[in-house]
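In our numbering, the protein residues as written are 149 to 401. Every residue, glycine too, gets a C-beta built ideally from N, C-alpha and C.
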């Protein structure tokens, strides 16, 4: 029996697949700068060629004055928090994910990764009263009440909102790319950006979506997509690997 593959929603033989001569996918990056450019550098040259960057979120500092004198350490749930925080001066920082941890270390914090996502970080820190009080340096829009949950566990935690996340429309270039018949790889790095993409995208039939988490993936339910996958873990490295995998799967016979 001949093997089969999928072209759109149709199962065809491997021989037929080879004759379809599917165009090479283009990449559409929607994460804020400089994160979009940094992610692009992780990818192979074939993916970088012709990539379109159309951030759906703009990161803007709030100008909040942060006084660390009353705290024994801080929490970072994103690299944006690090970018808009004071220099660490060797103070402990409990971070979500390897990229945020690396950024905090470079900014002078005594950085340690407390989990791959906020849920894992909360599990790691809950009840550890000896490391507090802590200050969560965060954005205006955040998933879950990290400080509230940690406070309930006995670990005193406050929040300082150091940046805003303003929603942006997809650019005309991005909309034109989506209207075409060629496949478009779209990595989505948060539930909020996935929700906004679902509202903004005029056409999604050619979209190969890559979601950073199942929460982000749920925001795309109901959209007509060419294909959809979820990264193995919520990290930039796992997202890059998934994008590369789907790119190869789409272009190789």
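Collapsed DSSP secondary structure at residue i in the structure displayed
i: residue 292; result: coil
i: residue 315; result: strand
i: residue 325; result: helix
i: residue 174; result: strand
i: residue 335; result: strand
i: residue 398; result: helix
i: residue 350; result: coil
i: residue 384; result: helix
i: residue 183; result: helix
i: residue 263; result: strand
Those residues which DSSP pairs with residue i across a bridge
i: residue 272; result: Partner(s): none; residue 272 has no beta bridge.
i: residue 377; result: 358
i: residue 287; result: 311
i: residue 258; result: 240
i: residue 282; result: 221, 305
i: residue 370; result: DSSP, once it has assigned bridges, lists no residue as partnering residue 370.
Residue burial classification, residue i (beta-carbon count within 10 angstroms, cutoff 16)
i: residue 310; result: buried
i: residue 287; result: buried
i: residue 317; result: exposed
i: residue 396; result: exposed
i: residue 384; result: buried
i: residue 210; result: exposed
i: residue 372; result: exposed
i: residue 378; result: buried
i: residue 103; result: The chain is shown from 149 up to 401; residue 103 falls before or after that span and cannot be answered.
i: residue 207; result: buried
i: residue 236; result: buried
i: residue 342; result: buried
i: residue 274; result: exposed
i: residue 163; result: The predicted model places residue 163 with a pLDDT of 37, which falls under 50 and marks its position as unreliable, so this point remains unresolved.
i: residue 313; result: buried
i: residue 230; result: buried
- Message: Going residue by residue through the region 192-253, where are the continuous alpha helix (DSSP H) segments of at least 4 residues, counting only ones entirely within it?
- Response: Counting only runs of 4 or more, we get 193-196, 227-231.
- Inter-stretch contact (C-beta, 8 Å, three-pair minimum) for the region 198-205 and the region 171-178: The region 198-205, when compared against the region 171-178, does touch it at the 8 Å Cβ threshold.
- Query: Counting pairs of beta carbons, one from the region 238-252 and one from the region 214-223, are three or more of them closer than 8 Å?
  - Reply: Contact holds: three or more Cβ-Cβ distances are below 8 Å.
- Do three or more CB pairs link the region 259-276 to the region 323-336 at distances below 8 Å? Taking one beta carbon from each stretch, the region 259-276 and the region 323-336 have fewer than 3 pairs nearer than 8 Å; the two do not touch.
- Cβ contact check for the region 390-400 and the region 178-195: 3 or more pairs under 8 Å: Flag = yes, the region 390-400 and the region 178-195 touch.
- Query: Is it a yes or a no for the region 356-374 touching the region 326-338, going by three-plus beta-carbon pairs under 8 Å?
  - Reply: Judged by Cβ distances under 8 Å, the region 356-374 makes contact with the region 326-338, as three or more pairs qualify.
- For the region 269-280 and the region 288-298, state whether three or more C-beta atom pairs, one from each stretch, are separated by less than 8 Å. Yes, the region 269-280 touches the region 288-298.
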